[in-house]
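Student:
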């Protein structure tokens, strides 16, 4: 009788997980779907087996994916749960399904997350839901289309675009700066262990959101302003690249980054933008490369200009993914990685702004991103 009880409990759990009017998901701390019930799978036009192994963010709309990264993930870390969040999920045919999502993060005795349980209810009516960033983008496109239809002077149009980007940066950065300043002031006061953890978490979230704002502004410049602007000057690019390597190595001391930089003469380029490009490529290599393999950055002067490459070992990028790699909001299918998927797009735009190009070669041996810039 005692031996049968655990089996009955397991049967009850399986029955509750599968035979319910709600969709159920079990997700790893890294955002990978571990298990889905057939109810949710049918809503999304997939099988439960097909959902296992996919990223949670890839099952959401673009707006939902951004909201997950900037709001829900920090909320889970602080509160361990969320209730009745309106999101849109992606159907296999490309359609969107409005849902209400509830989440609970299961943790071990040390407070470390084990997995996330999600209960999803399909909305019976189409509810109006616009995530702030997505709504702002739509309004900006509509306003820009109206203005461009009436302005004949290209200089006025360019000035309006620059004003939009400046306002975007001001309106998003100022509240974030206020939060950052407040957290710094609090951090100077005596804090208990829980308060220190919360302050550290908020500081990390502010840093991540600041990076997202930088990416969004570069994306806006690239799409609205005819490309990312660059300021060319004679630059000691070797020093710039080695500084980026030191920063990434300091942030990830467990990863081996080998630099082979030979640029004896100054290069006519935008140093800060190429530093951003290099940082994006190294961050991509750290995120997707083999944890035990080295990351190599190489820079050389060539007869036509200069060449910069970042290489890492690990699983190759699939051929169909390579074709989309430099498009905005595109990420390699890797379960534990987060972000908006703008890093490689922005790196490619910076390359174009220098009159060059960014290409990738990936096989079973290694993955290499190469920047070629003429001088």
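In our numbering, the protein residues as written are 24 to 398. Every residue, glycine too, gets a C-beta built ideally from N, C-alpha and C.
1) Give the single residue among 47, 78, 65 whose Cα lies nearest to the Cα of residue 55.
2) Which residue comes first and which comes last in the beta strand (DSSP E) that contains residue 369?
3) Are residue 67 and residue 82 touching if we call contact CB-CB under 8 Å?
4) Is it the case that the Cβ atoms of residue 138 and residue 104 are separated by a distance below 8 Å?
5) In its own chain, which residues sit with a C-beta less than 8 Å from the C-beta of residue 119, not counting the 5 before and 5 after it?
6) Comparing alpha-carbon positions, which option in 366, 337, 341 lies nearest residue 350?
7) Looking at C-beta atoms only, is the number of pairs between the region 316-324 and the region 279-294 that lie closer than 8 Å three or more?
8) Report back the beta-carbon spacing between residue 143 and residue 45 to the nearest angstrom; my notes put them in contact at under 8 Å.
9) Along the beta strand (DSSP E) that carries residue 335, what are the first and last residues, could you check?
10) State the DSSP-derived secondary structure class of residue 383, mapped to helix, strand or coil.
11) On the DSSP bridge list, what partners appear for residue 325?
12) If I follow the unbroken beta strand (DSSP E) through residue 296, where does it start and stop?
13) So, using beta-carbon positions, are residue 387 and residue 339 closer together than 8 Å?
14) For residue 130, collect the residues of the same chain with a Cβ closer than 8 Å to its Cβ; drop the 5 residues on either side in sequence, then sort them by chain order.
15) Measuring straight from C-alpha to C-alpha, what distance separates residue 134 and residue 224?
16) Does residue 329 pass the burial test, meaning 16 or more other C-beta atoms within 10 Å, or should it be called exposed?
17) Suppose you measure from the CA of residue 379 to the CA of residue 63; what does that come to, to the nearest Å?
18) Use the C-beta contact count for residue 301: other C-beta atoms within 10 angstroms, 16 or more gives buried, fewer gives exposed.
19) In the DSSP assignment, what are the bridge partners of residue 125?
Tutor: The answer reads as follows:
1) In the chain shown, residue 55 corresponds to position 32, counting from 1. If we check each option's Cα against that of residue 55, 78 comes out closest.
2) If you number the chain shown from 1, residue 369 lands on position 346. From DSSP, residue 369 is part of no beta strand (DSSP E) but of the alpha helix (DSSP H) over 366-376.
3) As a working mapping, residue 67 is identified with position 44 in the chain shown. As a working mapping, residue 82 is identified with position 59 in the chain shown. For residue 67 and residue 82, yes; Cβs fall inside 8 Å.
4) Within the chain shown, numbered from 1, the residue matching residue 138 stands at position 115. Within the chain shown, numbered from 1, the residue matching residue 104 stands at position 81. No, these two residues do not count as a Cβ contact at 8 Å.
5) For the purposes of this step, residue 119 is identified with residue 96 of the chain shown, where counting begins at 1. If we look at residue 119 and ignore the five residues flanking it on each side, its Cβ neighbours are 84, 111, 112, 113.
6) Counted from its first residue, the chain shown places residue 350 at position 327. That would be 366, whose Cα lies nearest to the Cα of residue 350.
7) yes
8) As a working mapping, residue 143 is identified with position 120 in the chain shown. As a working mapping, residue 45 is identified with position 22 in the chain shown. Right, the Cβ-Cβ distance comes to about 6 Å (below 8 Å), so this counts as a contact.
9) Here the question's residue 335 lines up with position 312 in the chain shown. Start and end: 328-335.
10) The sequence position of residue 383 within the chain shown is 360, counting from 1. Residue 383: strand per DSSP, three-state reduction.
11) The residue you call residue 325 lines up with position 302 of the chain shown. Paired residue(s): none; residue 325 is not in a bridge.
12) Numbered from 1 along the chain shown, position 273 holds the residue referred to as residue 296. No beta strand (DSSP E) holds residue 296; the alpha helix (DSSP H) holding it covers 294-311.
13) Within the chain shown, the letter at position 364 stands for residue 387. Within the chain shown, the letter at position 316 stands for residue 339. Cβ distance < 8 Å, so residue 387 and residue 339 count as in contact.
14) Working through the chain shown from its first residue, we reach residue 130 at position 107. Excluding sequence neighbours, residue 130 sits near 103, 136, 137.
15) As a working mapping, residue 134 is identified with position 111 in the chain shown. As a working mapping, residue 224 is identified with position 201 in the chain shown. If you take the alpha carbons of residue 134 and residue 224, they lie about 14 Å apart.
16) The residue given as residue 329 occupies position 306 in the chain shown. That one is buried.
17) Position 356 of the chain shown holds residue 379. Position 40 of the chain shown holds residue 63. So the two alpha carbons sit approximately 46 Å from each other.
18) Counted from its first residue, the chain shown places residue 301 at position 278. Burial call: buried.
19) To locate residue 125, count along the chain shown from 1; it is residue 102. Answer is 142.
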